[in-house]
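Read through the structure below, which is laid out as structure tokens, and then see the notes.
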Amino acid sequence: MSLKRVIFLGPPGAGKGTHAVGLAKDLGIAHLSTGDMLRAAVKAGTPLGQEAKGYMEAGKLVPDALIIDLLFESMGDDDRGWILDGFPRTVPQAEALGERLASEGQELDGVILFEVPDKVLIERISSRLSCPSCGAVYNRLTQPPEKEGICDRCGAQLVTRKDDAPEAVSHRLEVYKEQTAPLIAWYADQGKLIRVDANREIGAIRQDLDRIFA
Ligand code: AP5
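The numbering used here puts the first residue of the sequence shown at 1301, with every later residue one more than the last.
Take a look at the structure:
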């Protein structure tokens, strides 16, 4: 049976977004990135965006109550399935997701953990370029766009995220270890965790993911 409801878990820069965009498109399921949703809210200047902006730029997590509502609104009652990219990030978020799925008679199919050493994460983030319009991710060194500074998919001008500044990145890694890494044991105990060595070439990781989702 192919996987339909999946979480991508892992530290900043591990490649969650890179793989979620392409996989979701190829599988015809939704890609729900809480980071992308928040960046869109900040750009649009909504009340949520104004509240989230300071947390994000400092590399802190946005409060659970805000993010849970934001994600659940986007999930709607779409039955195609989804990849959750960047959610849950705390135990209360994981509990809220579990309660929502149980109330709908649904089950999580798997949690894919992207494992990459810290040194490599920092190298990747310091050379990342992001598309503020469609969410596509590039890298100056390993995955450059065809035309410099322009998104291959939608033609928008690529940007460097504010939270990719070195001070924010080291704080994001600490926050991941303190608040998000406990979810590894949480989902392992539920028999849902699938580990992927994400410190390899993008194509090799994608082959593993294709096997996992098949
Ligand atoms: P979010 O946008 O979710 O950021 P993140 O989890 O820190 O993850 P990243 O986007 O940094 O990394 P990624 O794993 O997607 O890597 P990518 O594919 O880009 O969240 C941002 C902020 O929003 C948070 O800090 C927080 O404030 C807030 N937030 C979001 N969700 C929240 C929640 N649930 N609760 C509370 N707050 C929340 O790849 C990185 C780079 O590496 C790219 O340049 C890519 O081209 C390159 N690359 C990828 N794979 C490879 C490879 N195999 N080899 C070489 N290069 C590679």
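The C-beta atom is built at its ideal place from N, Cα and C for all residues, glycine as well.
Taking the alpha-carbon positions, what's the residue i to residue j distance?
{"i": "G1386", "j": "A1481", "result": "12 Å"}
{"i": "M1280", "j": "V1362", "result": "For the chain, the structure presents residues 1301 to 1514; residue 1280 sits outside this window and is missing."}
{"i": "M1375", "j": "L1303", "result": "17 Å"}
{"i": "Y1487", "j": "V1496", "result": "15 Å"}
{"i": "D1452", "j": "R1440", "result": "14 Å"}
{"i": "A1324", "j": "E1467", "result": "32 Å"}
{"i": "Q1479", "j": "D1326", "result": "32 Å"}
{"i": "I1262", "j": "A1314", "result": "Only positions 1301 to 1514 of the chain appear in the structure, and residue 1262 is not among them; the question remains open."}
{"i": "I1329", "j": "P1311", "result": "23 Å"}
{"i": "D1379", "j": "I1307", "result": "16 Å"}
Which whole-angstrom value is the C-beta distance of residue i and residue j, which I expect to be below 8 Å?
{"i": "L1401", "j": "E1395", "result": "Rounded, the Cβ-Cβ distance is 11 Å, inconsistent with contact."}
{"i": "T1318", "j": "V1437", "result": "5 Å"}
{"i": "L1493", "j": "L1413", "result": "6 Å"}
{"i": "D1369", "j": "Q1393", "result": "With 8 Å as the limit, D1369 and Q1393 do not qualify as a contact, their Cβ atoms being about 11 Å apart."}
Restricting to Cα atoms, I'd like to know which of the options is closest to residue i.
{"i": "G1410", "options": "L1421, L1441, Q1490", "result": "Q1490"}
{"i": "E1448", "options": "D1463, S1430, D1418", "result": "S1430"}
{"i": "E1462", "options": "D1510, S1427, L1332, F1372", "result": "Reading off the sequence, residue 1462 comes out as Lys, not Glu. Cα-wise, what sits closest to K1462 is S1427."}
{"i": "P1432", "options": "Y1355, E1404, V1459, E1474", "result": "V1459"}
{"i": "K1419", "options": "R1380, A1358, I1505, N1499", "result": "N1499"}
{"i": "V1416", "options": "K1477, G1435, P1347", "result": "K1477"}
{"i": "L1371", "options": "K1353, L1421, L1332, D1464", "result": "L1332"}
* Segments of 3+ residues assigned as beta strand (DSSP E) that fall wholly inside the segment 1312-1344 -> 1330-1333
* To do: Would you list, in sequence order, the uninterrupted alpha helix (DSSP H) runs of no fewer than 4 residues that lie entirely inside the segment 1357-1425?
  => 1364-1375, 1391-1403
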